[in-house]
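See structure below.
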Amino acid sequence: MISLNKISVNFTGDFLFKDISFVAGDKDRIGLVGKNGAGKSTLLKIIHRLLEPESGEMIITHGFKTGYLPQEIITDYKTTVWEETMTAFVEQRELEKRIKELNEALMSRDDYESDDYIKQAQLLADTTDRFHHLGGSTMEGDAERVLTGLGFKSDELSRPMAEFSNGWQMRVSLAKILLQNPEIILLDEPTNHLDIESIQWLEDFLANYYGCLILVSHDRAFLDRVTNRTIEITAGTIQDYKCSYSEYVRQRLERIETQQSAYENQQKQIADIERFVERFRYKATKAKQVQSRLKMLDKMERIEVDSIDRSSISFRFPPAPHSGRVTVETEELSLGYGELNVLNNIDFHLERGERVAFVGRNGEGKSTLVKAIVGELPPQKGTIKLGHQVVIGYYAQNQAMLLNPEKTVFETIDDIAVGDIRPKIRTILGSFLFDTEDTEKKVKVLSGGEKSRLALAKLLLSPFNLLILDEPTNHLDMQSKDVLKNALLQYEGSLILVSHDRDFLQGLTEKVFEFKNKTIKTYIGDVYDFLEKKKIDSLNELQRLNNNKTDNAKENASSKELYELKKKKEAEERKRLNQIKRVEEEIFKLEEEKEELEKMLANPEENAEQIADGTLYKRYERIRKSIEEKEYEWTILAEN
14 MISLNKISVN
24 FTGDFLFKDI
34 SFVAGDKDRI
44 GLVGKNGAGK
54 STLLKIIHRL
64 LEPESGEMII
74 THGFKTGYLP
84 QEIITDYKTT
94 VWEETMTAFV
104 EQRELEKRIK
114 ELNEALMSRD
124 DYESDDYIKQ
134 AQLLADTTDR
144 FHHLGGSTME
154 GDAERVLTGL
164 GFKSDELSRP
174 MAEFSNGWQM
184 RVSLAKILLQ
194 NPEIILLDEP
204 TNHLDIESIQ
214 WLEDFLANYY
224 GCLILVSHDR
234 AFLDRVTNRT
244 IEITAGTIQD
254 YKCSYSEYVR
264 QRLERIETQQ
274 SAYENQQKQI
284 ADIERFVERF
294 RYKATKAKQV
304 QSRLKMLDKM
314 ERIEVDSIDR
324 SSISFRFPPA
334 PHSGRVTVET
344 EELSLGYGEL
354 NVLNNIDFHL
364 ERGERVAFVG
374 RNGEGKSTLV
384 KAIVGELPPQ
394 KGTIKLGHQV
404 VIGYYAQNQA
414 MLLNPEKTVF
424 ETIDDIAVGD
434 IRPKIRTILG
444 SFLFDTEDTE
454 KKVKVLSGGE
464 KSRLALAKLL
474 LSPFNLLILD
484 EPTNHLDMQS
494 KDVLKNALLQ
504 YEGSLILVSH
514 DRDFLQGLTE
524 KVFEFKNKTI
534 KTYIGDVYDF
544 LEKKKIDSLN
554 ELQRLNNNKT
564 DNAKENASSK
574 ELYELKKKKE
584 AEERKRLNQI
594 KRVEEEIFKL
604 EEEKEELEKM
614 LANPEENAEQ
624 IADGTLYKRY
634 ERIRKSIEEK
644 EYEWTILAEN
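Numbering (our numbering), first residue to last: 14 to 653.
Pasting the structure below:
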């Protein structure tokens, strides 16, 4: 459990947040939300003890470990992917070494009845139990499963970490956190470097995680799938909602509407009191009533309405010039880098006004085909042709990093703006939230989100009829993504969109191209139609496998043997389900008791005596350990 009490952080004289308090339970799934700069990442660093608050205190249950994934990492790896991942198992490796030492020591002795021998044998048994409890016997299998789920191929595990991009190195850091299985996981924008399949795998993994999860993300679909509680940081305070992100958005609007109504009623009441005071201020017969109303005004707790941050980018893409019917066409196209082949014999066809999404695991060739279309990568084999009068507008995956860091925001646009667009530069920058002062800042001091907005602004400088966006939503906040999506819905030209953000993709495209095993496969519909089709394909494949197993069983056993085997399995299954039900009921009762204790711990003023003498914490720890034991028993039963 995490308890934050009146935490304050002060940067350059201003409070980032002041006197915030909340309690996170052992199984809470919390999404931290708020505009850029509100303090979400800072709060994660405080919980991980990388930062100390100006004031307040934080209590984390004794013995609980935190696993923290930052937005960016700075590393100088000398290891392979596999070697780096296996460093997650520090305690298991130490136990493995200790078990070996104890075994060798006992094998060299023959005083089996001595107290010391029995003591050492017991130590060996306890160490071995701890080793197995931590999953020591399945370290390699667990590591391979997690790395594969996060997108690594088997032949990549032996490659040096230094050969991989920062995004892939972040995946290894994430894998290590998941394998360490800490009681508290803290994730700061974990989906930024993941593709759709890896995000879905991570969602499933976290669904079965039994600890406390606190994360920052601008991916609505991910937040809705993973979280059950939303904490908003706004204006230095927090608002706590016991619900997922989408429900939080609805409840927040309702709360603000209620506040606005209460505020208007209070303002009317204040105006009435002030009119009465003004009218009868100098009448002796009304003096007592006037004083009474003045006291009422002094004591009145003024209602404040939470403000909604409505500052977001605002723009529309320029009208698309007319082009031929065919926009892009490839025949038997093969692409790669040097001797490395990434895509083989690709036939791709895009017509005027068609809108398509490129999806698939990272490294499967999405950006490679995009680079070939815009002319940055020559074919290894085959042809690629652009249609008549096709003009490309291109946002590269690393577009923000391609900006000249020494130029100012204004110079970045001014250097390439021509003709009638030049007088509109400041207007364009203003629509992307760059005020007059911001336009004089150098690119190198901008945040990731500001660089992304500046790179998008460059797209407005000339008209085009083929728009290619490669991961445009990285570093954009929720509101900015909504504005970009709305602009794309109104755009009339052809569109190729590479993205892993399912909520952003939904409704934007009419066709999905999946990149896999050096080729592409076409799916009609948007991203959720594609995902549903993939799920159906998987279920169909599973059904075929089950049918094959049944057929093989029938060939190798008589009907009587199958009947007896079925009866035995059914009896075992009933017994297992009854045991699971019993354990679940016990866990439920323990959880109720733990929840009551958490409420008491969250109110130190009312329970000061029990907190001071430690009895409350001891009861809490005893119940928590009982829950852990029951959950471990449940896991063993559920996996059988």
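Yeah, the Cβ is synthetic: ideal placement off N, Cα and C, and Gly gets one too.
Since the structure is predicted, the reported quantities are computational estimates derived from the model, not experimental observations.
With DSSP as the reference, label T74 as helix, strand or coil. coil
Just to confirm, are A101 and L119 a CB contact at a threshold of 9 Å? no
Sort L480, G44, E622 by Cα distance to P203 and report the nearest one. G44
Contact set for R143: own chain, Cβ-Cβ below 7 Å, skip 5 residues either direction: L108
Can you give the Cα-Cα distance for I212 and F235, rounded to whole angstroms? 8 Å
Within a Cβ cutoff of 6 Å, which residues of the same chain sit near G378, ignoring the five residues on either side of it in sequence? V355, L356, F528
Nearest by alpha-carbon distance to P1: which of H401, Q402, T381 is it? Because the chain here runs from 14 to 653, residue 1 falls outside it and cannot be looked at.
By the 10 Å Cβ neighbour count, where 16 or more other Cβ atoms means buried, how is Q304 classified, buried or exposed? exposed
I need the DSSP call for L399, collapsed to helix, strand or coil. strand
Considering V456, what are the terminal residues of the beta strand (DSSP E) in which it resides? Taken as a continuous stretch (DSSP letters only), V456 belongs to no beta strand (DSSP E), as it is neither H nor E.
Taking the continuous beta strand (DSSP E) assigned at F5, which residues delimit it? Outside the displayed span of the chain (14 to 653) sits residue 5, for which this structure offers no information.
Here's the rule I'm using: 16 or more other beta-carbon atoms within 10 Å means buried, otherwise exposed. How should S571 be labelled? The pLDDT assigned to S571 is 49, lower than 50, so where the model puts this residue is not dependable, and the model offers no usable value.
Measuring CA to CA, which of V372, D237, F330, R172 is closest to K534? V372
Cα separation between H513 and L310? 55 Å
For the beta strand (DSSP E) holding F28, just list the boundary residues, first then last. 27 to 37
What are the partner residues of D253, as DSSP defines its beta bridges? I244
Label K638 either buried or exposed according to how many other C-beta atoms from any shown protein chain fall within 10 Å of its C-beta, with 16 as the threshold for buried. exposed
If V46 sits next to E245, beta carbons under 8 Å apart, how far is it from one beta carbon to the other, in whole angstroms? 5 Å
Contact criterion: CB-CB distance below 9 Å. Does K420 meet it with respect to chain C? In summary, chain C is missing from the structure at hand, where a single protein chain is found.
Pick from E605, K643, K607, L610 that is closest to Q592, judged by C-alpha positions: K643
I need the DSSP call for M14, collapsed to helix, strand or coil. coil
Express the C-alpha separation of R365 and G506 in angstroms, rounding to a whole number. 7 Å
Keeping to the same chain, check which residues put their C-beta closer than 8 Å to that of N283; ignore five residues upstream and five downstream. According to the sequence provided, residue 283 is Ile. The question's Asn does not apply to it. The answer, listed in chain order, is L310, M313.
Can you list, in chain order, the residues of its chain with a C-beta nearer than 8 Å to that of I112? Leave out the 5 residues immediately preceding and following it. L137, T140, T141, F144
Below 6 Å CB to CB, which residues in the same chain sit around C225 once its five sequence neighbours on both sides are set aside? A37, D39, D41, I197
Backbone CA spacing between E126 and N116 [nearest angstrom]: 17 Å
DSSP state of A566 mapped onto helix, strand, coil: Confidence at A566 is low in this model, with a pLDDT of 49, below 50, so the placement of that residue should be treated as unreliable; the coordinate-derived value is given next. Three-state DSSP puts A566 in a helix.
Mind checking whether L544 and I209 have CB atoms under 9 Å apart? yes
With 16 as the cutoff for other CB atoms within 10 Å, does P66 come out buried or exposed? buried
Between the C-alpha atoms of K31 and K531, what's the straight-line distance to the nearest angstrom? 53 Å
Hey, out of H335, F361, E352, whose CA is closest to E345's CA? F361
Whose C-alpha, out of K78, G76, S21, is nearest the C-alpha of G52? S21
Beta-carbon proximity of S336 to N478, cut-off 9 Å: yes
Please report how far the alpha carbon of E176 lies from the alpha carbon of V458, in whole angstroms. 28 Å
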